[in-house]
Structures are given as structure tokens and as C-alpha cells.
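Novice: Have a look at this one before I ask anything.
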Amino acid sequence: MKSSPTRRRLILGFGGLAAAALLGGCGFKLRGPQPLAFSSIYLGVSRQSDLGAALHRRIVANGNTTITDDPATADVRLEILRDQTEREILTLTGGGKVREYQLRRLMSFRLLGRDGNEWVAPTTISARREYNFDDAQVLAKEQEEALLFRDMQLDLIDQLMRRLAAAKP
Numbered sequence: 539m540k541s542s543p544t545r546r547r548l549i550l551g552f553g554g555l556a557a558a559a560l561l562g563g564c565g566f567k568l569r570g571p572q573p574l575a576f577s578s579i580y581l582g583v584s585r586q587s588d589l590g591a592a593l594h595r596r597i598v599a600n601g602n603t604t605i606t607d608d609p610a611t612a613d614v615r616l617e618i619l620r621d622q623t624e625r626e627i628l629t630l631t632g633g634g635k636v637r638e639y640q641l642r643r644l645m646s647f648r649l650l651g652r653d654g655n656e657w658v659a660p661t662t663i664s665a666r667r668e669y670n671f672d673d674a675q676v677l678a679k680e681q682e683e684a685l686l687f688r689d690m691q692l693d694l695i696d697q698l699m700r701r702l703a704a705a706k707p
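Anchor point for the sequence shown: position 169 equals 707 in the numbering used here, and the numbering is continuous, going up by one each time.
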């Protein structure tokens, strides 16, 4: 006996409704802006740098924190202690040519209160990516590497924002 299209739609509708109820019941929600525990911050990185511009945009988009240019007036100071990119050979071909690279980006930071107390002790966060290299496509692979480094920077900013959201005096 074949099921009618109306019955099939009804079953699919109830299935979708049940899945939505299960997701809502387990506490699932999309990650959105997380409020920061301070009202003003001084960024110890230039706004003209890629990292500074991206971090500035993310904090402004968060909505509840202003960025000041004077560290003395800010509730907290973010100090970027290290921002380093690395590229190392991961594998070689039998002929000794590079087949894969591993890219890493490391960032060390700390968060200081107005009184000099550490809200977040010096912390290092990192991101890594691998990609295949081909001598015949050098320009394309250089662009791919640049995109991967940009992606890693966004990943590190996400990690940094989660740490800042968890910071308490």
C-alpha cells in the first residue's frame, strides 16, 4: 500500500517539529555576541594593522564596550605580547620537493585592569592549517596561503573574544 503525498508531508512535518523541540529542549542556541564585563578597553595594537582592524570591528560589533585611545581612561588594557606566523614543511615528495606545508599562527596576550591587576594572565592561543603545495601553481598556492593565514587570524580573534567575555576582575 502506497502512502499518499499528504500523509508523507504530515510525517515529515511532525519529524521536523520533533527535531526542533529536541534542539530547543537541550539548550542549543547559536553563538552570538557575548557581553564583555567591562565598558571600555584600550587595544595595545594599531588599528592600521590587519589584526587591530579586525579586533576593533569585532569589539564594536559586540555593542556594549567602547574602545578608547588613552590607556589611563580605559577599564582594561589588552596587550598583545606576540603575534607570530610560521610556515614549515610537513611532507616531501620522493624527489625532495615540498608536497605539504603546515601554517601556524600564535598570539600571546594579557588583559590588565585600570589598577594594573591581571584580569587574564599571559595566555597563548594558536591556530594551524595544512595545505598541499604544487610547483606548477605557485601563484595560486601563494593566494591560498594568504587566505589560510587570514582565516587563522579570524579564528584567533574568535578565541580571544571568548577569553575576553569570560574575563572577570
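Backbone N, C-alpha and C define an ideal beta-carbon position, used for all residues, glycine too. The model shown is predicted, which means the values in this text are computed figures rather than measured ones.
Between Thr623, Phe647, Leu650, Ser577, which has its C-alpha nearest Tyr639's C-alpha?
Specialist: Position 101 of the sequence shown, counted from the start, is the residue given in the question as residue 639. Looking at the Cα atoms, Thr623 is the closest of the given residues.
Novice: Rounded to whole angstroms, what is the Cα-Cα separation between Asp613 and Ile579?
Specialist: Counting from 1 along the sequence shown, the entry for residue 613 is found at position 75. Counting from 1 along the sequence shown, the entry for residue 579 is found at position 41. Cα-Cα distance, rounded: 6 Å.
Novice: Can you tell me whether DSSP reads Gly651 as helix, strand or coil?
Specialist: Position 113 of the sequence shown holds residue 651. Strand.
Novice: Checking 9 Å against the spacing of the C-beta atoms, do Leu589 and Glu617 come in under that value?
Specialist: Counting from one through the sequence shown, the residue named residue 589 turns up at place 51. Counting from one through the sequence shown, the residue named residue 617 turns up at place 79. In this structure, Glu617 does not lie closer than 9 Å to Leu589 by Cβ.
Novice: Would Ile597 be called buried (16 or more neighbouring beta carbons within 10 Å of its own) or exposed?
Specialist: Position 59 of the sequence shown holds residue 597. Buried: at least 16 other Cβ atoms inside 10 Å.
Novice: Taking 8 Å as the cut-off, does the segment 628 to 644 touch the segment 600 to 614 (at least 3 CB pairs, one atom from each stretch)?
Specialist: no
Novice: Does DSSP classify Gln691 as helix, strand or coil?
Specialist: Translated into the one-based positions of the sequence shown, residue 691 becomes position 153. Correct three-state label for Gln691: helix.
Novice: The beta strand (DSSP E) spanning Leu616 covers which residue range?
Specialist: On the sequence shown, position 78 is the one that residue 616 refers to. Segment 614 to 630, the beta strand (DSSP E) holding Leu616.
Novice: Throw me the rounded Cβ distance for the Leu574 and Ala703 pair, which I believe falls under 8 Å.
Specialist: Start at 1 with the first residue of the sequence shown, and residue 574 comes out as number 36. Start at 1 with the first residue of the sequence shown, and residue 703 comes out as number 165. Indeed, because the Cβ distance is near 6 Å, the residues count as touching under 8 Å.
Novice: What are the start and end residues of the alpha helix (DSSP H) that includes Val598?
Specialist: By one-based count along the sequence shown, residue 598 stands at place 60. First-last of the alpha helix (DSSP H) with Val598: 588 to 600.
Novice: Using the Cα positions of Arg595 and Leu644, report the straight-line distance between them to the nearest angstrom.
Specialist: On the sequence shown, residue 595 is found 57 positions in, with the first residue counted as 1. On the sequence shown, residue 644 is found 106 positions in, with the first residue counted as 1. Each residue's alpha carbon lies about 20 Å from the other.
Novice: Would you mind reading off the limits of the beta strand (DSSP E) that contains Leu581?
Specialist: Within the sequence shown, the letter at position 43 stands for residue 581. Here the beta strand (DSSP E) through Leu581 covers 578 to 581.
Novice: To the nearest angstrom, report how far apart Ala556 and Ile549 are at their CA atoms.
Specialist: Along the sequence shown, one-based indexing puts residue 556 at 18. Along the sequence shown, one-based indexing puts residue 549 at 11. If I take the Cα positions, the gap works out to 10 Å.
Novice: Could you please give the first and the last residue of the uninterrupted beta strand (DSSP E) stretch that includes Thr604?
Specialist: Position 66 of the sequence shown, counted from the start, is the residue given in the question as residue 604. Counted as a single uninterrupted DSSP element, the beta strand (DSSP E) harbouring Thr604 occupies residues 604 to 606.
Novice: Would you report the Cα separation of Thr611 and Gly582, rounded to the nearest angstrom?
Specialist: Here the question's residue 611 lines up with position 73 in the sequence shown. Here the question's residue 582 lines up with position 44 in the sequence shown. When rounded, the separation of the alpha-carbon atoms in Thr611 and Gly582 is 14 Å.
Novice: Buried or exposed: which applies to Ala665, given that a residue is buried once 16 or more other Cβ atoms fall within 10 Å of its Cβ?
Specialist: Working through the sequence shown from its first residue, we reach residue 665 at position 127. Buried.
Novice: Within the same chain, show all residues whose beta-carbon is closer than 8 Å to that of Leu628, passing over the 5 residues directly before and after it, in chain order.
Specialist: Locating residue 628 in the sequence shown gives position 90, where the first residue counts as 1. Excluding positions up to five away in sequence, the list reads Arg637, Glu638, Tyr639, Gln640, Glu668.
Novice: Please report the distance separating the alpha-carbon of Asp698 from that of Glu680.
Specialist: Residue mapping note: residue 698 aligns to position 160 of the sequence shown, counting from 1. Residue mapping note: residue 680 aligns to position 142 of the sequence shown, counting from 1. Position check: residue 698 holds Leu in this sequence, whereas Asp was assumed. The alpha-carbon atoms of Leu698 and Glu680 are separated by roughly 27 Å.
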